[in-house]
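In UniProt numbering, the protein residues as written are 1 to 168. Ideal Cβ positions, reconstructed from N, Cα and C, are used throughout, including at glycine. Remarks on the structure that follows.
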Amino acid sequence: MAREKVLADALDARLLLELVKDPRATIAGLAHRLSVARNTAHARVNRLEAESLHAVDHRIDPAALGYPMRAYVLANLKQRRLDEVGEALAQVPEVLEVLGVTGPGDTLIQVVAQDADDLYRIAGRILAIPGVKRTRTFLVMRHMVPYRATPLLTRLRDAADRRRDPAR
1 MAREKVLADA LDARLLLELV KDPRATIAGL AHRLSVARNT AHARVNRLEA ESLHAVDHRI
61 DPAALGYPMR AYVLANLKQR RLDEVGEALA QVPEVLEVLG VTGPGDTLIQ VVAQDADDLY
121 RIAGRILAIP GVKRTRTFLV MRHMVPYRAT PLLTRLRDAA DRRRDPAR
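Right, dumping it as structure tokens:
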């Protein structure tokens, strides 16, 4: 699924960093902290929401919902069934994300489960999807670096600040 390239500028980066720190920040509060007009902050937030770039660092932990086990399933697919398999995977509630990859498999599927028996059931459900030839399951033993976008936003903000003030 291709997406249009969205370029965020330094103000977008500062705005998103503020929203990561305080997801419930008001438009007026954001405008004040960023020293921009309220209408500017409001327009930027609306645009970022429309482009799916808002509050990027905060996610719900599946363990808090009763799914403490996380695994990745590498699946080999029949090539002419990619879209069909993707649609079927989207119907499995425990599938969090599906990525098309290169290498020894065709898709990398992130799943969560309540326990080992539940993971076995989910893996079987994935393998039963027409177009899935075989799977390999990799159990996550430890979450070492959680999803984050803050370092990218900080880099964007800092690069813009250096262009504005080369003495930094």
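Other residues of its chain near residue i: CB distance less than 8 Å, five sequence neighbours each side excluded
{"i": "A90", "result": "V98"}
{"i": "E18", "result": "A25, L30, R33, L34"}
{"i": "L119", "result": "M69, A71, V111, A113, T137, L139"}
{"i": "A160", "result": "D9, A10, A13"}
When the options are compared against residue i, the one with the closest alpha-carbon
{"i": "I109", "options": "V45, A160, V85, D9", "result": "V85"}
{"i": "V101", "options": "R121, L82, R148, R142", "result": "L82"}
{"i": "V92", "options": "L65, R47, D61, R121", "result": "R121"}
{"i": "Y67", "options": "D22, G103, E49, L96", "result": "L96"}
{"i": "L143", "options": "P62, E49, P166, D22", "result": "According to the sequence as given, residue 143 is His; it is not Leu. For H143, the nearest C-alpha among the options comes from P62."}
Chain-order list of residues whose beta-carbon lies under 6 Å from that of residue i (same chain, five-residue window excluded)
{"i": "L152", "result": "none"}
Distance CB(residue i)-CB(residue j) smaller than 8 Å
{"i": "V111", "j": "E87", "result": "no"}
{"i": "T107", "j": "A123", "result": "no"}
{"i": "L77", "j": "V132", "result": "yes"}
{"i": "L156", "j": "A8", "result": "yes"}
{"i": "I126", "j": "V73", "result": "yes"}
{"i": "G105", "j": "A75", "result": "yes"}
{"i": "R80", "j": "Y147", "result": "no"}
Same chain, Cβ closer than 7 Å to residue i, five either side skipped, listed in chain order
{"i": "R44", "result": "L11, D12, L15"}
{"i": "A28", "result": "R38"}
{"i": "D115", "result": "M69"}
{"i": "R134", "result": "N76"}
Limits of the alpha helix (DSSP H) - the one that residue i falls within
{"i": "R14", "result": "10-21"}
{"i": "T26", "result": "It is not in any alpha helix (DSSP H) - T26 carries neither H nor E in the DSSP assignment."}
{"i": "E49", "result": "38-50"}
{"i": "P151", "result": "150-164"}
Within the segment 61-143, note down every full beta strand (DSSP E) run reaching 3 residues or more, in order along the chain.
Complete beta strand (DSSP E) runs here, min 3: 69-77, 95-100, 107-113, 132-139.
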